[in-house]
Amino acid sequence: MSVLQLRSALTPEERQQKQKLIIRDSLALLSLFAIVVVLFFITLFLFHSFSVHRQELAQRWRTRGEGALRAGKPMAAIDALRSALAYAPDDENLQIELAEALAAAGRTQEAVAYFNTLLDSRPGSGMINLQLARLAAKQGEEAAALEYYETALDGTWEGDGYIRRREVRLELAQYLIERKRYDQARNQLLIAAGNAPDDAGLEITMAALLEKAQDPGNALHLYKKAIQHRPVRIDALLGAGRTTYALGRYLPAKDFLERALNHPDFEKEPADLQLQYRDMLSDADHILLLYPGPDLNVRDRAERILANRNTAQDRLTSCLSTKTVIPPELQALNNQWQQIPATLRRLQLEQDPELEQKIMQLVYQTEEVTSQQCGTPTGNDALLLKIAKAPEAVEQR
Amino acid sequence: MTVPPVQETETAPQRILTQVQLEKIAPTRDERLFLVLSIFIGVLSGLLVVSFRVAIEWIKILTLGSAPHAGQFRLLFVPAIAGLIVAALVQLAFPAARGSGVNQTKAALYIYNGFISFKTVIGKFITSALAIGSGHSLGPEDPSLQIGAGVASIVARRLNLSRQRLRLFAPIGAAAGLAAAFNAPISAILFVIEEVIGRWSAAVLGSVVLSAISSVVVARWFWGSEPIFRIPTVTLRDPRELIAYAVLGIVGGFAALVFSKALGYLRPRLRAMPKWTQYCQSGVAGLLVGMIGFFGFPQVMGPGYEVIDQAMHGQFAWKLLLVLALLKILATTLSFSSGTPGGMFAPTLFIGAMLGASVGSFEKLFFPHLTGTVGSYALVGMGVLFAGFLRAPLTSVFMVLEVSGNYSIILPVILANMIAYLLSRGLQPVPIFEVFTHQDGLALPSMEEVREESELHLEDALIPVQVPIVKGSQSIANAGEIVAATQAKAFLVSLWDGSWYAMTTGELMSFSATLTPETPIEQALPPERLPILFPDLPLDSALPYFPRWPLLPIMNRATKGTIEGIVTLEDVLQRYHKI
Chain C
1 MSVLQLRSAL
11 TPEERQQKQK
21 LIIRDSLALL
31 SLFAIVVVLF
41 FITLFLFHSF
51 SVHRQELAQR
61 WRTRGEGALR
71 AGKPMAAIDA
81 LRSALAYAPD
91 DENLQIELAE
101 ALAAAGRTQE
111 AVAYFNTLLD
121 SRPGSGMINL
131 QLARLAAKQG
141 EEAAALEYYE
151 TALDGTWEGD
161 GYIRRREVRL
171 ELAQYLIERK
181 RYDQARNQLL
191 IAAGNAPDDA
201 GLEITMAALL
211 EKAQDPGNAL
221 HLYKKAIQHR
231 PVRIDALLGA
241 GRTTYALGRY
251 LPAKDFLERA
261 LNHPDFEKEP
271 ADLQLQYRDM
281 LSDADHILLL
291 YPGPDLNVRD
301 RAERILANRN
311 TAQDRLTSCL
321 STKTVIPPEL
331 QALNNQWQQI
341 PATLRRLQLE
351 QDPELEQKIM
361 QLVYQTEEVT
371 SQQCGTPTGN
381 DALLLKIAKA
391 PEAVEQR
Chain F
1001 MTVPPVQETE
1011 TAPQRILTQV
1021 QLEKIAPTRD
1031 ERLFLVLSIF
1041 IGVLSGLLVV
1051 SFRVAIEWIK
1061 ILTLGSAPHA
1071 GQFRLLFVPA
1081 IAGLIVAALV
1091 QLAFPAARGS
1101 GVNQTKAALY
1111 IYNGFISFKT
1121 VIGKFITSAL
1131 AIGSGHSLGP
1141 EDPSLQIGAG
1151 VASIVARRLN
1161 LSRQRLRLFA
1171 PIGAAAGLAA
1181 AFNAPISAIL
1191 FVIEEVIGRW
1201 SAAVLGSVVL
1211 SAISSVVVAR
1221 WFWGSEPIFR
1231 IPTVTLRDPR
1241 ELIAYAVLGI
1251 VGGFAALVFS
1261 KALGYLRPRL
1271 RAMPKWTQYC
1281 QSGVAGLLVG
1291 MIGFFGFPQV
1301 MGPGYEVIDQ
1311 AMHGQFAWKL
1321 LLVLALLKIL
1331 ATTLSFSSGT
1341 PGGMFAPTLF
1351 IGAMLGASVG
1361 SFEKLFFPHL
1371 TGTVGSYALV
1381 GMGVLFAGFL
1391 RAPLTSVFMV
1401 LEVSGNYSII
1411 LPVILANMIA
1421 YLLSRGLQPV
1431 PIFEVFTHQD
1441 GLALPSMEEV
1451 REESELHLED
1461 ALIPVQVPIV
1471 KGSQSIANAG
1481 EIVAATQAKA
1491 FLVSLWDGSW
1501 YAMTTGELMS
1511 FSATLTPETP
1521 IEQALPPERL
1531 PILFPDLPLD
1541 SALPYFPRWP
1551 LLPIMNRATK
1561 GTIEGIVTLE
1571 DVLQRYHKI
């Protein structure tokens, strides 16, 4: 109503002015709209060219940074990766690479701070927890390192999570071995081995770690699995030889070491290692020649026992001669030898298996006690001492 | 800033129609256009601010390279040469482009009827982009604010709006410009209200919101909806952590003081130097800032957003963060005091973020179980400096909330910001923008004072009802007796419909001279009635009624017809005299 009243209050001239005003305002708004459209496209062009350039710069600096990191120039990598991040701030891999570069440059504090911040935004990230574990290990913070390793194992991994978790587990095992926490290391390795695919390289790696964790039995099991693969790898044969030897299983050790020494790659091994393995094979050979195994015929067995008795008695006599006061252990040993008939014949032994066993027990005991009382033995005494540690294992396959 | 020739800029419709004519033929035109133009202003401001930011980034890459680092000689000469060019442009072509832009926008609002020339907008765009892009330690937000206000002013002038409306467009554009620059509409709106307008005004609030939202929509179309910083996880893990935030508030308060004092000391001294030095002050400042970058700290050059981002993500150790904060204070003091166009927001946020991250990193190092993320501290630190230095406490709180998008940080933010604000206020009573205003010889209203003005209300001048109250049905003679008994000069008449009339004894005498004594007094009264006033209304709301009424009854809001007391002109004036 009021609008009508207003309209009616206008003179014809005013109405004309009002129409003109409406037209002018409409034109003004239209021109404003046109300006907005033009400005929009100019801004779009500027922005697009700028965005493309930013992407190029991010890629350029990333490539430089990664190259510097690979080339062992962490300081240059830090600068380059920081520059890349300025143009691609949301790139998570870049962030992790930068933190790695910081760690590699020895700027541990900054790296830890950076990784902690990354961890706050992605607390379940396996990669970030792994990096923090490495940094904690580097700083000697064992508890924190172990905690981060555990979190990394349970954490999320992109794409190849199964493989990355196993790698983390092996790295954790390695760290535990360094810290001499062999039981924990062994547990981690057995878990890893239980879930690992049948891959010779992997089996050899895990077996080597198990050896370091003082578990030659499980290591041997993995080496044996690795040997099943064709072509047989030299390190599998050497590992199997080494572990069987360490377990006192000289018969299979001899087999493995012989195969290893005949392997075409053996010559590629360092000379000192070659020598070591040859000595090992030689020892195994000799041990098998000394050992009165059950598979021998009665005669040979009796002869070996008599020879071993002589060796042990000589060692005891020699040891006693060095002592002014005879220690009770040696005295007890000597008394035991006194109870054995001084002149034993091969035939006597062939007919008395209990005596055979008694003499060999005494031989092993003599080698052990004399090694404690009179120092490390050499020659056949040393070999007998090795047999003494696990006589039943010598010919165990 | 010179007084703009408003008349010269008038457009064609103005020559044809005067404001009076416009009011007559299209009384609602201004109001309708006001809202439509707010959207246009928002969109235009958003586009200009995006272009402005892109221009800064392009200039930075072209002049300083894609990755400026210490030891590059260009860091020395690029800001110096750019400073010389910018100074020449400001002195010769764009004198109004000098400074940050906040005070210039306030001056436009309060002094120049909302006038900001097109030349100023262009000048601000070019000189600020050049200065900031070439490494001067300044930010793009305040220039964006002025560019937005300038766009609003130009658009409003073209449409021949009334002077009153024209004046209101400056804050509308300012909010749009700042919102686009910050990608945070609420903070921009609050800042304009806190720092430019000074009070909540319903007349302009709707348009401010509309323009700010429009500009942010445009900015987000280009930059994306993410805030300008990548915000890490923000948490308050342990209430004891508040102690750490309180420490941050104290550190921030002192840093704000140092920053203010440095600017307050250097700026007037440089301005007082001979005229010819104005041509080289920016160049020298650029050289000194460049030296800071050249000798190991290029992070302090430019606005430093990426450095803030890096600090938030724990990429620096606490000692380096502290050094960066101190050097940024120095670099910004040099750049800003030399008159180089550019803003204070980004440097303030930079310093705050560095201090916050430094405190956070320090505490994380020494009290690892007590503290949250370094990013939280950097974020709160930004708000702390904003509150302490720019003295916009409300904006500072909302800015952090808006930028972080996380409400859980509210407690630390409020605590730290308020400590910094109160500390800074106690140590430096005059806010920095007001310091600049005084240095520039202007007398703009102090927004802090405006905010804290204690408005007087009618209840402050209220006195008990000491005058007689007569019913309208009583006779004139009866009323005369009552008034004579009390010797009052005036009295109140209560009428049957609940309305009131205040009558002087002279008026009563004139009635008794012309009417019979038995005449009910309500029959003698003219049709007008006393206004209905309540105790909580502003004291000045009573003033228009005193020429007509000898006294005014103040009614109770809860019980209709109950008088709480009365006020007289004398009481009101006495109350004003007591201030």
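Keeping their order, the protein sequence lines are chains C and F.
Mapping of the first sequence onto my numbering: residues 1 to 397, in sequence order.
Mapping of the second sequence onto my numbering: residues 1001 to 1579, in sequence order.
Yeah, the Cβ is synthetic: ideal placement off N, Cα and C, and Gly gets one too.
Have a look at residue i and residue j and give me their C-alpha separation to the nearest angstrom.
i         : j         : result
Ile305/C  : Arg346/C  : 9 Å
Val1006/F : Phe1297/F : The pLDDT assigned to Val1006/F is 37, lower than 50, so where the model puts this residue is not dependable; a value taken from the coordinates is nonetheless given after this. Taking the straight line from one Cα to the other gives about 47 Å.
Ala1325/F : Met1354/F : 5 Å
Glu147/C  : Ala213/C  : 20 Å
Phe45/C   : Leu189/C  : 58 Å
His53/C   : Leu172/C  : 43 Å
Gln1594/F : Val1054/F : One cannot answer for residue 1594/F here, as it falls past the ends of chain F, which runs 1001 to 1579.
Ser1137/F : Ile1061/F : 16 Å
Pro1535/F : Ile1554/F : 6 Å
Gly1561/F : Ser1494/F : 9 Å
Find the residues of chain F that neighbour residue i, judging by a C-beta separation of less than 7 Å, and give them in chain order.
i        : result
Phe40/C  : Leu1047
Leu330/C : Result: empty, since nearest Cβ-Cβ is about 60 Å, beyond 7 Å.
Is it buried or exposed, residue i, if we count other Cβ atoms within 10 angstroms and call 16 or more buried?
i         : result
Pro12/C   : exposed
Leu330/C  : buried
Glu392/C  : exposed
Gly1356/F : buried
Trp1496/F : exposed
Trp1276/F : exposed
Gly1286/F : buried
Phe1229/F : buried
Which residues in chain C sit within 7 Å of residue i, going by Cβ to Cβ distance?
i         : result
Asp1309/F : Pro89
His1069/F : Asp79
Arg1074/F : The contacting residues do not exist; Arg1074/F stays about 15 Å from chain C at best.
Thr1373/F : Thr117 and Asp120
Val1050/F : Thr43 and Phe47
Glu1057/F : Phe50
So what does DSSP say about residue i, is it helix, strand or coil?
i         : result
Pro1095/F : helix
Glu141/C  : coil
Met1622/F : As displayed, chain F neither begins before 1001 nor continues past 1579, which places residue 1622/F out of reach and without an answer.
Val1470/F : strand
Ala1012/F : Note that Ala1012/F scores a pLDDT of 41, beneath 50, so its modelled location is shaky; the value from the coordinates is reported in the next line. Note: Ala1012/F maps to helix in three-state DSSP.
Thr324/C  : coil
Gly1565/F : strand
Trp157/C  : coil
Trp1496/F : coil
Tyr182/C  : helix
Gly248/C  : coil
Phe1350/F : helix
Thr1559/F : coil
Ile1554/F : strand
His263/C  : coil
Output, in chain order, the set of chain C residues within a Cβ distance shorter than 8 Å of residue i.
i         : result
Arg1267/F : What Arg1267/F touches in chain C: nothing, since even the nearest Cβ is about 31 Å away.
Phe1040/F : Leu29, Leu32, Phe33 and Val36
Just the chain F side, please: which residues come within less than 8 Å of residue i by C-beta, in chain order?
i        : result
Gln109/C : Ala1317 and Leu1365
Tyr114/C : His1313, Gly1314 and Gln1315
Ala86/C  : Ala1067 and Glu1306
Just checking residue i against the ligand COA - is the residue's beta carbon closer than 6 Å to any of the ligand's heavy atoms?
i       : result
Ile78/C : The ligand content of the structure shown is nil, which means the ligand COA is not present either.
Just to make sure I have the definition right: I need the residues of chain F whose C-beta is within less than 9 Å of the C-beta of residue i. Which are they?
i       : result
Trp61/C : Ser1066 and Ala1067
Would you please verify whether the beta carbon of residue i is less than 7 Å from any beta carbon of chain A?
i         : result
Glu1306/F : Considering every chain present, this structure includes no chain A. Its protein chains are C and F.
Starting from the beta carbon of residue i, find every residue of chain C whose beta carbon is closer than 9 Å, and list them in chain order.
i         : result
Arg1271/F : Within 9 Å Cβ-Cβ: nothing; Arg1271/F doesn't reach chain C, min ~35 Å.
Phe1034/F : The contacting residues do not exist; Phe1034/F stays about 12 Å from chain C at best.
If we require 4 or more residues per run, which alpha helix (DSSP H) segments fall completely within the stretch 1309 to 1337 of chain F? The stretch 1309 to 1337 of chain F contains these whole alpha helix (DSSP H) runs: 1318 to 1337.
Whole alpha helix (DSSP H) runs in the stretch 1248 to 1279 of chain F with 4 or more residues, listed along the chain? The qualifying runs do not exist here; there are none.
To test your reading of the DSSP string, which unbroken alpha helix (DSSP H) runs of 4 or more residues are found completely within the stretch 1041 to 1115 of chain F? Counting only runs of 4 or more, we get 1074 to 1092 and 1102 to 1110.
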